[in-house]
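Okay, so the sequence shown: first residue is 1 according to my numbering, each after it adds one.
We put the beta carbon where it would ideally sit given N, CA and C, even for glycine.
Quick caveat, the model's predicted, so the values are computed rather than measured.
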Amino acid sequence: MDVLILAAGLGTRMEDLTKDLPKPLLPVKGKPLIDYAFNLIEPLQTKNIFVNTHYHADLIQSHISKNYENIKISFEPEILGTGGGIKKIHQNDLLVLNTDNLWQQQFAQEIKSAWDFFQNNKNIDNLLLTKTNSDFHDLEILPDQSIQFPSNQCNAQFQGCHFIRQGVLEDYPEIFNIPSYWNKCSEEKKLFSFLTTTENTHIGTKDLYLKYSN
């Protein structure tokens, strides 16, 4: 599988913490956030690994070149958004990972199972890995496991990890955010959930970072 690690964002919700350091390089329990993503995909059978960059791109590229091999950097002089960043490198079915999670190593097995499910169900254009054992819900899973997005009856949380089918973003602009695609994909009944049980801790704000960083 091809993998894209999203690392181009400005990290504004981290406030002053990202003034001189991009969010993917913020240290948590002794290692940068982006390393949790690299550690997670290590046991997967990956073909191409991409990292998109924009904010403090030089620092991220330096960290990657010193610690990893065969990583393809997708530099965005102008930030393309979570959708545009995917479209720029999207040539094959793709696993997309956020970098504001403390990914647990056992989650790799659930990713493998989700990948097999995705490959065996070609009617699905976008498969979101989700969980229901959470205090925060941001999407609705229907009885057939399709996703209603947006919804005012949310019953699950997006895990920050999803599979997206080759070619489905061709008609989208160069700059856009992925939720606008989810709207259309949901309407067409091609947006589905793969329920997971692993507790990956989301660290997307300054308060959460300070809570879990030590």
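Please state whether the Cβ-Cβ distance between Phe194 and Ala114 is less than 8 Å.
yes
Based on Cα-Cα distance, which residue from Gln148, Gly204, Asp138, Asp116 lies nearest to Asn183?
Each of Gln148, Gly204, Asp138, Asp116 was checked against the Cα of Asn183, and the nearest Cα belongs to Gln148.
Between which two residues does the alpha helix (DSSP H) harbouring Gly85 extend?
81-89
May I ask you to report which of helix, strand or coil DSSP gives Pro32?
strand
Once the 5 residues before and after His63 are set aside, which same chain residues still bring their CB inside 8 Å of it?
Leu25, Pro32, Ile34
Does Glu170 come out as helix, strand or coil in the three-state DSSP assignment?
coil
Can you look up Ser74 in the DSSP assignment and give me helix, strand or coil?
In this structure, Ser74 counts as strand in the three-state DSSP scheme.
I'd like the span of the alpha helix (DSSP H) that includes Asn120, first residue to last.
107-120
Beta-carbon spacing of Asn101, Ile203 below 8 Å:
Yes, the Cβ-Cβ distance between Asn101 and Ile203 is below 8 Å.
Terminal residues of the continuous alpha helix (DSSP H) containing Ile5?
No alpha helix (DSSP H) contains Ile5, which is instead part of the beta strand (DSSP E) from 2-7.
Looking at C-alpha atoms only, which residue of Leu44, Thr201, Lys23 is the closest neighbour of Thr12?
Lys23
Thinking Gln166 and Gln91 are a contact (beta carbons under 8 Å), I'd like their distance in whole angstroms, please.
Right, the Cβ-Cβ distance comes to about 7 Å (below 8 Å), so this counts as a contact.
Can you find at least 3 beta carbon pairs, one from the region 78-98 and one from the region 146-162, that sit closer than 8 Å?
Pairwise C-beta distances place the region 78-98 in contact with the region 146-162, as three or more of them are shorter than 8 Å.
C-alpha gap between Ser186 and Glu199, whole angstroms:
25 Å
Run through DSSP, which three-state label would Asn52 get?
strand
So the candidates are Lys88, Ser146, Lys122, Val168; which of them puts its Cα closest to the Cα of Leu8?
Leu is not the amino acid found at residue 8; the sequence shown has Ala there. Comparing Cα-Cα distances from Ala8 to each of Lys88, Ser146, Lys122, Val168, the minimum goes to Lys88.
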